[in-house]
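Read the structure below first, then the notes.
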Amino acid sequence: MSKLRAAITGVEAFLPDYVLTNAELELLVDTNDEWIVSRTGIKERRILKGKGKGTSDMGAAAVLQLLSKTNTEASEIDLLICATVTGDHQFPATANIICDKVGIRDVASFDIGAACSGFLYALSTAATFVEAGVYKKAIVVGADKMSSIIDYSDRSTCVLFGDGAGAVLVEARENFGIRDSILKSDGHGRQFLHQKAGGSVMPASKKTVDEGLHYVYQDGKNVFKFAVTKMADVAAEIMERNGLKGEDVAWLVPHQANQRIIDATARRMKLPPSQVMMNIEKYGNTTAATIPICLWEWEKQLNKGDKLILASFGGGFTWGAIYLEWAY
């Protein structure tokens with residue numbers, strides 16, 4: 018009897034209309050297009066505009082499109098997980114709010130916070146529930162409004178991040194689907210990439226706001242050093258333990274943080290650039306949304322049975338990889 022595996026059976030995304038270009042950033046900070054592109058590969062990014070608009074609005078838009086595209090009723094969904102670091106509120110979970118906005122009721126829903134690796138953590142979690150038969154149809158959302166926590170006078174971070182959301186439907190399928198996952202973390206790395214204020218250690222106050230402590234802090238040199246090693250390592254590890262060689266892999270689906278990190282991972286996997294999903298030049302780093310947005314953009318180029326390696330690295334530090342065979 019064929020083994021039932023959790024498989025992605027649909028993918029959608031939402032990107033805000035407003036495009037923030039490198040030329041516009043040149044007016045805000047001491048930078049230029051050549052400097053940004055040579056160091057990151059980013060030319061523009063999307064920004065969610067509008068009073069009262071938050072991460073759940075982007076996530077809900079992606080989920081509504083996903084339900085329509087896959088001919089799935091909201092009542093059929095029994096689990097929704099949202100990976101995000103920019104939730105609408107401290108509580109309730111943004112997953113709860115997304116469910117309410119799209120009409121999904123009386124289901125399990127919760128957030129996962131693993132920064133840029135959040136989508137892989139959430140997808141692996143949903144897959145475990147689906148493969149165990151606990152839930153039949155799960156939605157995994159990766160969504161972040163990074164513009165809400167970025168200081169646009171800090172050129173070390175403001176050039177990197179954008180806003181967006183992606184969502185996938187996860188169901189059990191014979192043979193195809195998620196075959197392996199590796200998730201890792203090292204809390205020592207938190208000192209190099211974090212948001213200083215707003216939590217229980219340093220609650221919000223006039224002082225924390227005045228000092229700009231609610232923005233992303235990043236020690237770029239140390240983050241790059243760890244990311245370029247760990248993301249390549251975990252991609253190579255999942256290939257090795259599944260007996261995969263470069264020629265077996267149809268696509269690398271990497272987190273879109275920095276073109277040099279992506280290139281290093283592809284070289285370690287012995288994959289040519291033509292087999293690497295990369296859209297960082299258009300969207301920047303949308304944190305938990307980068308991988309599902311890639312899957313959405315390349316969906317028409319994917320074939321049933323294609324072997325994909327999803328890989329990421331994020332604040333925390335967190336990193337991971339998933340090996341799956343495309344199911345449709």
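Sequence positions in the sequence shown follow my numbering and run 18 to 345.
Using N, Cα and C, we set each Cβ at its ideal position, and we do this for glycine too.
All values derive from a computational prediction rather than experimental measurement.
- Here N113 carries a helix assignment [DSSP, helix/strand/coil].
- In the displayed model, K317 falls within a helix according to three-state DSSP.
- The three-state secondary structure of F136, taken from DSSP, is helix.
- Within its own chain, the residues whose Cβ lies closer than 6 Å to the Cβ of D203, once the five positions on either side in sequence are excluded, are F334, listed in chain order.
- A straight-line Cα-Cα distance of about 44 Å links V293 and S222.
- Here A149 is exposed, its C-beta having fewer than 16 other C-beta atoms within 10 Å.
- Pairing E61 with A40, the inter-Cα distance amounts to about 9 Å.
- Closest by C-alpha distance to R190, out of F31, L37, L32 and L341, is L341.
- Cα atoms of G130 and N192: separation of roughly 30 Å, rounded to the nearest angstrom.
- F31 carries a strand assignment under DSSP once its states are collapsed to helix, strand and coil.
- Contact between the region 165-184 and the region 73-80 is present: three or more C-beta pairs spanning the two stretches fall below 8 Å.
- Non-local beta-carbon contacts of G301 in its own chain, meaning distances under 7 Å to residues more than five positions away in sequence, involve I59, R62, L177, F178 and G179 in chain order.
- Taking a cut-off of 8 Å on C-beta distances, the region 82-102 touches the region 113-121, as three or more cross pairs fall below it.
- DSSP places I94 in the coil class of the three-state scheme, outside both helix and strand.
- Under the 8 Å Cβ criterion, the region 320-339 counts as touching the region 248-268, having at least three qualifying pairs.
- Residues I64 and K66 of the same chain have their beta carbon placed closer than 6 Å to that of Y35, with the five preceding and five following residues left out of the count.
- Residue pairing of P220 in beta bridges, as defined by DSSP: absent, with no partner found.
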